[in-house]
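Structure record follows, encoded as structure tokens.
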Amino acid sequence: MSIKDFSQLNDMHIDVLREIGNIGAGNAATSLANMLNRQIDMRTPVVRIMDIQDVDKAMGGPETPVVAILVELFGDIHGIMMFVAGQKFTKTMLGSLLGCEDADCMHLTEMQSSALSEIGNIMIGSYVSAISSLANLKINMSVPGVTADMVGSLLTVPAAEMGADADKIIFVEDDFENEQDVITANMMLIPSLDSLSTLMNGLGIAL
785 MSIKDFSQLN DMHIDVLREI GNIGAGNAAT SLANMLNRQI DMRTPVVRIM
835 DIQDVDKAMG GPETPVVAIL VELFGDIHGI MMFVAGQKFT KTMLGSLLGC
885 EDADCMHLTE MQSSALSEIG NIMIGSYVSA ISSLANLKIN MSVPGVTADM
935 VGSLLTVPAA EMGADADKII FVEDDFENEQ DVITANMMLI PSLDSLSTLM
985 NGLGIAL
């Protein structure tokens, strides 16, 4: 059975998406710790199905500056994943990796943009790996693209890429802790509706 819209997802489906979010975030925390050579712990991520027009409120408002790393998914699953980092995450990561304490996510150098692209690629890969393993699906990722913009402008990208399938997204809020601070980043998954059906079938909970 093919899903017509996200309203067909019940509590069981949402719980499974949360579990994927938990595993993906755990993998991401491990990858971050290895990259920074320090301990990174993860709080339980918040996973929500959201109307795309409400995402800007969840991220501080439409004029909040962010950096987004976007990949297209293809193979058994088609859609878009975006890793979105605000100013605090950007400054903390680039400070640790490159030693630049005054990084501004709206004015990145080529080296800073490249470093964030690699971070986003690793973070997205952590989630894609979790989905692939749990659902026994083959999922490929495009080369990541990096965009620095206001949240409101950024959210026009999924609508342009996905059309009618982009009215809702799977929104994951991740809090990562080290010995000094807590930094938050967000993951957004916008699968095609056919792919959402494929994913649920792979997980053994057909729609």
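Residue numbers (my numbering): 785 to 991. We treat Cβ as the ideally placed atom computed from N, Cα and C, and that holds for glycine.
Can you give me the start and stop residues for the beta strand (DSSP E) that residue 866 sits inside? Counting from one through the sequence shown, the residue named residue 866 turns up at place 82. Segment 863–869, the beta strand (DSSP E) holding residue 866.
Flag this pair as touching only if the segment 853–865 and the segment 970–978 have three or more C-beta atom pairs under 8 Å; answer yes or no. yes
Residue range of the alpha helix (DSSP H) that includes residue 841: Here residue 841 is taken as the residue at index 57 of the sequence shown, counted from 1. Note, residue 841: alpha helix (DSSP H), 839–842.
Going by DSSP, what residue range makes up the alpha helix (DSSP H) through residue 888? Here residue 888 corresponds to residue number 104 of the sequence shown, with the count starting at 1. Taken as a continuous stretch (DSSP letters only), residue 888 belongs to no alpha helix (DSSP H), as it is neither H nor E.
Continuous beta strand (DSSP E) assignments of at least 3 residues falling wholly in the segment 809–862: 830–835 and 849–859
Span of the alpha helix (DSSP H) holding residue 986? For the purposes of this step, residue 986 is identified with residue 202 of the sequence shown, where counting begins at 1. It spans 977–986 - the alpha helix (DSSP H) in which residue 986 sits, taken as one unbroken run.
Residue 966 bridges to which residues according to DSSP? Taking the first residue of the sequence shown as 1, we reach residue 966 at position 182. Answer is 961.
In terms of residue numbering, what span does the beta strand (DSSP E) encompassing residue 929 cover? For this step, residue 929 is matched to residue 145 along the sequence shown. Looking at the DSSP string, the run of the beta strand (DSSP E) that includes residue 929 is 929–934.
Would you identify the three-state DSSP class for residue 989, choosing helix, strand or coil? In the sequence shown, counting from the first residue as 1, residue 989 sits at position 205. Coil.
Quick check: the segment 884–894 against the segment 951–966, are there 3 or more CB pairs under 8 Å? no
Please report how far the alpha carbon of residue 986 lies from the alpha carbon of residue 801, in whole angstroms. The sequence position of residue 986 within the sequence shown is 202, counting from 1. The sequence position of residue 801 within the sequence shown is 17, counting from 1. Between residue 986 and residue 801, the C-alpha separation is close to 13 Å.
Using the Cβ count rule (16 or more neighbours within 10 Å means buried), how would you classify residue 910? What you label residue 910 is simply residue 126 of the sequence shown in a count that begins at 1. Buried is the call here.
Across the segment 802–813 and the segment 898–917, are there enough close Cβ pairs to call them in contact, namely three or more that are closer than 8 Å? yes
Which same chain residues, not among the five before or five after residue 879, have their C-beta less than 8 Å away from its C-beta? For the purposes of this step, residue 879 is taken as residue 95 along the sequence shown, with counting starting at 1. Result list for residue 879: 885 and 887, in chain order.
Please state whether DSSP places residue 973 in a helix, a strand or coil. Taking the sequence shown and counting its residues from 1, one reaches residue 973 at position 189. In this structure, residue 973 counts as strand in the three-state DSSP scheme.
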